[in-house]
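> One structure follows; several queries about it will come next.
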Amino acid sequence: MKQREPRWAQLGRFARDRRGGPAVEFALTAPILVLLIMGVIAVGFEVDARIKAREAVRAGAHAVMAGQDDPNIIRQVVLSALEGSSDGYAAAVMEEFRCGSTVVEADDACSGGGTSQRYFVISLAAPAGVAYIDAPAISARIEVRIT
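The working numbering puts the first residue of the sequence shown at 274, with every later residue one more than the last.
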């Protein structure tokens, strides 16, 4: 009959055993790597949403420069430029008349004797898309002067 080893001898043999070391290292580093990858993916989605918002506002500006002056149609152009993902986005198109940097009524004359300039201010906003990142809302804005 084989004699049993003392407990301290079993513990020493267990401490010297190196099998399974890589599995333990992987178990310790895997959660960190997964979180890092999730963060990179989240940032990628946010950057993509910001680029789409900027391009949609530019599409509205191009419509204005092509002669479109109906704010509702310009707003539809902006929303349709989002490639079908316009959920949660709010587009606004405002027509303004300015003398320099002062907003005036359409028929008002400028104090310096000049004429007021016509502007379209196109803006687009949406809440940030990723819940686990405290990111600011996505927004884009552009002003187009009509001469």
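Using N, Cα and C, we set each Cβ at its ideal position, and we do this for glycine too. These figures come from a predicted structure and were not determined experimentally.
Write down every uninterrupted run of the alpha helix (DSSP H) in the stretch 317-405 whose length is 4 residues or greater and which is fully enclosed by it, in chain order.
Within the stretch 317-405, the complete alpha helix (DSSP H) runs of at least 4 residues are 344-353.
> Val-417 bridges to which residues according to DSSP?
Phe-393, per the DSSP bridge assignment.
> Of all the options Gly-385, Val-377, Ala-363, Asp-321, which has the alpha carbon lying nearest to the alpha carbon of Pro-400?
Checking every option, the nearest Cα to that of Pro-400 belongs to Ala-363.
> Is the beta carbon of Ser-396 sitting closer than 7 Å to the one on Arg-414?
Against a cut-off of 7 Å, the Cβ pair of Arg-414 and Ser-396 comes out as a contact.
> Since Val-337 and Val-417 should fall inside the 8 Å C-beta cutoff, what is the C-beta to C-beta distance between them, to a whole number of angstroms?
Yes, they are in contact, since the Cβ atoms of Val-337 and Val-417 sit about 5 Å apart, within 8 Å.
> Ala-322 and Ile-411 - do their beta-carbons sit closer together than 7 Å?
Their beta carbons are under 7 Å apart, which means Ile-411 touches Ala-322 by this criterion.
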